[in-house]
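In this note's numbering, the protein residues as written are 2 to 207. We put the beta carbon where it would ideally sit given N, CA and C, even for glycine. What you are looking at is a predicted structure, and each value in this text was computed from that prediction instead of being measured.
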């Protein structure tokens, strides 16, 4: 199964071209996605270039947004709060149980957790609007997923995930340094997620 190239981020930007401080994820999406003109070149190459440019602008805007304050408990009872996250890089993934491309990313996500299992410098967190009871009954018994799952996260999800799956990487200071949405048409979802995350972690010297 293939998915449209909704988001393709190819560079980490350290300077924001936004005029003034933008204080919400939705503001960035509205300015550079929902109100953006459609691509004039509708060939495959034209569309890919359109999304690359569009998402680079979104990412530069996202660097002005502070991450939410965390005070959650995972479905397995683990506290996911500010003391736990202090000094950590966060890989934050948004998904839901009925999302096929979300499930396609899970092997790559588990691979990352395994690779960094000896470090205490990265927090692997997934948020879903699905309820905790549903996750425990209909997901965990059938799927191995090593991210910490935060269920019933509707309030954050509605602002941070306009499409599924969406992933953010947040540095130790709370600044968004990369994000991507869905899966490019021409790439394997497992490899795409892994390479996006791994390249960002390399730049952070992780």
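Limits of the unbroken alpha helix (DSSP H) element including residue i
| i | result |
| --- | --- |
| residue 109 | 101 to 116 |
Reduced DSSP category for residue i - H, G, I as helix; E, B as strand; rest coil
| i | result |
| --- | --- |
| residue 182 | strand |
| residue 160 | helix |
| residue 205 | coil |
| residue 166 | coil |
| residue 23 | Reliability fails at residue 23, whose pLDDT of 41 lies under 50, so the model's placement of it is uncertain and no value is given. |
| residue 133 | helix |
| residue 138 | helix |
| residue 71 | coil |
| residue 200 | helix |
Rounded C-alpha distance that separates residue i from residue j
| i | j | result |
| --- | --- | --- |
| residue 147 | residue 53 | 30 angstroms |
| residue 195 | residue 41 | 31 angstroms |
| residue 85 | residue 127 | 15 angstroms |
| residue 190 | residue 94 | 14 angstroms |
| residue 157 | residue 25 | 11 angstroms |
| residue 75 | residue 142 | 16 angstroms |
| residue 1 | residue 135 | The structure shown does not extend to residue 1, since the chain is modelled only from 2 to 207, so the question has no answer here. |
| residue 50 | residue 168 | 20 angstroms |
| residue 174 | residue 89 | 8 angstroms |
| residue 203 | residue 108 | 20 angstroms |
| residue 115 | residue 92 | 14 angstroms |
| residue 112 | residue 104 | 14 angstroms |
| residue 171 | residue 64 | 9 angstroms |
| residue 59 | residue 27 | 10 angstroms |
| residue 182 | residue 39 | 18 angstroms |
| residue 205 | residue 166 | 23 angstroms |
| residue 162 | residue 55 | 17 angstroms |
| residue 106 | residue 155 | 21 angstroms |
| residue 97 | residue 43 | 31 angstroms |
| residue 110 | residue 197 | 11 angstroms |
| residue 207 | residue 30 | 29 angstroms |
| residue 176 | residue 117 | 21 angstroms |
Buried versus exposed, by CB contacts within 10 Å (16 or more), residue i
| i | result |
| --- | --- |
| residue 70 | exposed |
| residue 131 | buried |
| residue 46 | exposed |
| residue 145 | exposed |
| residue 179 | buried |
| residue 192 | exposed |
Bounding residues of the beta strand (DSSP E) (the contiguous stretch that carries residue i)
| i | result |
| --- | --- |
| residue 93 | 90 to 95 |
| residue 149 | 149 to 151 |
| residue 80 | 80 to 82 |
| residue 127 | 123 to 128 |
Open item on the list: With three or more beta-carbon pairs closer than 8 angstroms as the criterion, would you say the segment 77 to 95 touches the segment 146 to 162?
Closed with: Because the criterion of three Cβ pairs below 8 angstroms is met, the segment 77 to 95 and the segment 146 to 162 touch.
Open item on the list: For the structure I just gave you, are there three or more beta carbon pairs, one from the segment 111 to 131 and one from the segment 57 to 69, closer than 8 angstroms?
Closed with: With a cut-off of 8 angstroms, the segment 57 to 69 and the segment 111 to 131 do not count as touching, because too few Cβ pairs lie within range.
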